[in-house]
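So the sequences go chain by chain: U and R.
According to my numbering, the first sequence is numbered sequentially starting from 1.
According to my numbering, the second sequence is numbered sequentially starting from 1001.
Ideal Cβ positions, reconstructed from N, Cα and C, are used throughout, including at glycine.
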Amino acid sequence: MKAEEINDPGRRDFIKNAAIATIATAACGSLACSCSSQQAAKTGEKVRLLSPEGEIVEIDSAYLNYQEHMAIVSKLEARQGMAGKKFVMVVDLGRCKNARKCISACQKWHYRPPETEWLTVKLMKDSDKAAPYWFPKQCFHCDNPPCVKVCPVDATYKRQDGLVLIDNERCIGCKFCMAACPYSTRVFNWDEPQQPLDIMNLKSNPETNLPAKVGTVEKCDFCPDRAREGLLPPCVEACPNGVFYFGDEKEDTVSNGDETLSFTQLIKDRAAYRFQEELGTKPRVYYLPPRDRQFPVERGYDNLPENIKARFEGILDEGKKK
Amino acid sequence: MKLTSYQQQAFEKQRSHIEKFGARTWAWEIFFFIWIAAGGYALYLQITKGHGITGMRDNVVWGMYIVNFIFFIGLSYAGAIISGLLTLFKVPWGKPIIRISQMMTIISVIVGPIFILLCVGRFDRLHHLFIYPRIQSPMTWDVLAIMTYLVGSVLFLYISLIRDYAVYRDAKMKIPKWKQKLYNALALGYRGTPGQVKHLAVSQNLLAIILIPLSIIVASILSWIFGMTLRPGWHSTIFGPYFVLGALYSGVGVLIVAMYVYRKVHKLEEYITDMHFKYLGYAMMALAAGYGYFTFSEYFTDWFGSEKWDSELIAKLFDLNQFGWYTFYANAIGVLLPIAIIAIPKFRKPGLITLAAFLVVTAMWVKRYLIIVPTLETTLLPMQDTRTNYTHYSATWVEWILTIAGVASFLFFFTIGSKFVTIVPISGLGEETEKKETEPVAAKEILPA
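And the structure:
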């Protein structure tokens, strides 16, 4: 196995380019070496970069490749979080029609297989007579997180910027956090995760949650690696209806990509609530009640594959018979 | 070591079990070992292929392994509490059964934690529990509690064995040299001088005093792994005492079964008498009533209230298409039947009491299953998952084989243990000689007919 890996050209390239990658990462943030199996032909064009030692180095531009997910912070920084920030999410239930673009964007960004959803959309019907509505749910990044309380090894932790992350190199896979989370947010890598080689070769970092590791827990992370670059999480960007607003509570702004609003004003005007406030977990996700709907709830069934449609079978009929 | 004639007699009766490792013992040990080996293979598959080959999934994250963990650890706590009480209060009839109950304590506290390790996704990172411990986590409390408890109970067993080791050392048995040497070392030069007798008695009592509350604490901590989470059926203030009582109840059951087996195989009718079955039967009956009461309080409160989450769980537990039959078995067979058998004098015979005890043990296992699985299948948000193995737990052969391997290793170690020590302790029997003749009177005094 070992020998095969070394003989693999991609792997060899990776080792060869490791030094350049370090320099490139330090210098440009998300610029890094190509780890693909083709040997890049030199272009002769030189690019100047700043090395971690503060020296200017020249590198052939062929070695440069825009690479997402390259861990850009140390583990310590990934533990402490971003100073002066408090991330928050607002979900407008009146706009969701179960388009599921958020899910596919999230799966793609995090290299998750189709059946492992960090972000799910539930069809809620609170009581017989109540109006059903679509309910997208990420991790709530609770301020009083029951999952963090029970972790025996500090693998899952709360940061100063409000995020609850997982260090999947420390997680022992006891699943206590999964039992403790009342929202069933966490998922477990029951089998060896199948991910592209260049992702598997990445250095593990709680901010990217990559590469996934067998026998460990993972969940929605609010994409702090993107937040560091000033980007919105893929679920927010992908939503065609602007359901999700992501932002910083301290800055008092949230944005769904189209409009940027005052967080306090938004939750005040629209009577935002947090899911199951009585549990005392203090979620960082606020929901805007599903009034002034943009779509009838049935629209959520449009173009759904059969296996997804089966999930919501019978829910709309509930109570109608009575 | 000087022995009284009664002690000598008890020793002569049992020495052959230490001297010989008969063909029948070999056959049983090999039989148990085959299952352990099969379990080893299942474990190998689980480690190499990942937990995907078990029935556990994202909703039911713990399954049969944690059920077995609670089951075995419960036996251990029960053994410690029973032997501790018998030692501390110098219960005269308790002497012959203390050893069995202590063996149960040690063996199950070794077998039990293996099962919680089986739930852990990353074996290679277990040391993280010690290098990155977080004291807030009930899991850390449990790690500390079980380790403390293991040390305490091993010491307790060992201290109460020293006098017996001295007997075996001096008995000039036909045993291999290494075994003789082992006894020489383990007896720690005990000769029965007044000073030694006193120190031994003091340490034994001290350990009993420490172990009884310690068992109660660790059984409660075990329950808090569940009680501290926000889940229906788990998040309950009753959970600590509920687990303590459940542990004691199943422990008495296993003790009665073990007594019956050893009485038969080692022909110990003279020492483990019908009275022992009767007395432990009474204890089992009282515990059955207590456990039934706790279960009733739990279900009744949840059922009477209207909270959606709890109601859903209760509906599942009593729906015959879901867990209804399990609930029926756990309560009718596990609580009512043993009370009926022991309450009626005609049925109060060792055979029937043992049968009731055996059923109690199985019912208590089912009850633990009912504590774990239905709760994990009841989520706050609707699951809305089409993958049936995610919505409903069903154990795979890997989990079954490892469960059987766990039981087999419990029996394996018990059998090995009985080849190194006598099942009925020799040294403690002395004080009992005179009382033995008046035994029926003594029994009448305590329990008027």
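Alpha carbon of residue i to alpha carbon of residue j, nearest angstrom
i	j	result
U/A310	R/R1387	10 Å
R/K1278	R/I1353	8 Å
R/V1244	R/L1287	11 Å
R/Y1158	R/G1152	10 Å
U/A32	U/Y63	Confidence at U/A32 is low in this model, with a pLDDT of 42, below 50, so its placement is unreliable and the value that follows should be read with caution. The alpha-carbon atoms of U/A32 and U/Y63 are separated by roughly 8 Å.
U/I308	U/L123	11 Å
R/K1308	U/K175	25 Å
U/E115	U/F244	22 Å
U/G162	R/W1028	59 Å
U/P327	U/L119	Examination of residue 327 of chain U is not possible in this model, given that chain U is present from 1 through 322 alone.
R/G1039	R/I1344	42 Å
R/T1451	U/M178	The displayed coordinates of chain R run from 1001 to 1449. Any statement about residue 1451 of chain R would go beyond what the structure contains.
R/L1129	R/W1141	11 Å
U/G44	U/D198	25 Å
U/S34	U/G242	Low per-residue confidence applies at U/S34: pLDDT is 41, beneath 50, and the placement is therefore not dependable, though the value from the model is reported in the following sentence. About 34 Å.
U/E211	R/F1123	Going by the sequence as given, residue 211 of chain U is Pro instead of Glu. Answer to the nearest angstrom: the Cα atoms are 19 Å apart.
U/F312	R/Q1384	6 Å
R/L1043	R/L1402	7 Å
R/Q1014	R/T1422	6 Å
R/S1418	R/V1261	12 Å
R/I1114	R/Y1006	41 Å
R/Y1369	R/L1376	11 Å
Residue-chain proximity (residue i, chain U), Cβ-Cβ < 8 Å
i	result
R/W1062	yes
R/D1302	no
R/Y1291	no
R/G1121	yes
R/A1038	no
R/Y1132	yes
R/P1138	yes
R/L1126	yes
R/L1230	yes
R/H1392	no
R/L1381	yes
R/G1079	no
R/T1386	yes
Within-8 Å CB hit, residue i to chain R
i	result
U/A310	yes
U/C151	yes
U/N205	no
U/M178	yes
U/A192	Rather than Ala, the amino acid found at residue 192 of chain U in this sequence is Glu. Yes, U/E192 lies at the interface with chain R (some Cβ there is under 8 Å from its Cβ).
U/Y133	no
Buried/exposed call for residue i, threshold 16 Cβ in 10 Å
i	result
R/V1373	buried
U/E251	exposed
R/A1247	buried
R/H1017	buried
R/G1428	buried
U/Q98	Reading off the sequence shown, one finds Asn at residue 98 of chain U, where the question assumed Gln. It is buried - the Cβ of U/N98 has at least 16 other Cβ atoms within 10 Å.
R/Y1293	exposed
R/L1320	exposed
U/N303	exposed
U/E218	buried
U/K86	buried
U/E117	buried
U/V121	buried
R/E1432	Reliability fails at R/E1432, whose pLDDT of 47 lies under 50, so the model's placement of it is uncertain and the value that follows must be treated cautiously. Buried: at least 16 other Cβ atoms inside 10 Å.
R/E1269	exposed
Candidates the options, of which the one nearest residue i by Cα
i	options	result
R/I1036	R/S1418, R/I1426, R/S1427, R/G1406	R/G1406
U/C142	U/A130, U/P152, U/K158	U/K158
U/V214	U/K203, U/E192, U/G230, U/C235	U/E192
U/F188	U/D167, U/T216, U/I166	U/T216
R/M1104	R/K1090, R/T1148, R/V1154, R/H1127	R/V1154
R/H1235	U/G300, U/M200, U/F295, U/C181	U/C181
R/K1002	R/P1138, R/Y1168, R/F1031	R/Y1168
U/E77	U/K42, U/Q160, U/V150, U/W109	U/Q160
R/I1098	R/Q1180, R/A1078, R/A1145	R/A1078
Heavy atom of the ligand COA within 7 Å of residue i beta-carbon
i	result
R/V1151	This structure lacks the ligand COA, and indeed carries no ligand of any kind.
Residues that residue i bridges to, as DSSP identifies them
i	result
U/S255	U/F246, U/T260
U/E58	U/R48
U/K42	Partner(s): none; U/K42 has no beta bridge.
R/T1415	Looking at the DSSP assignment, R/T1415 forms no beta bridge with any residue, so it has no partner.
Contact with chain B by residue i, beta-carbon distance below 8 Å
i	result
U/D317	Of the protein chains in the structure, U and R, none is chain B.
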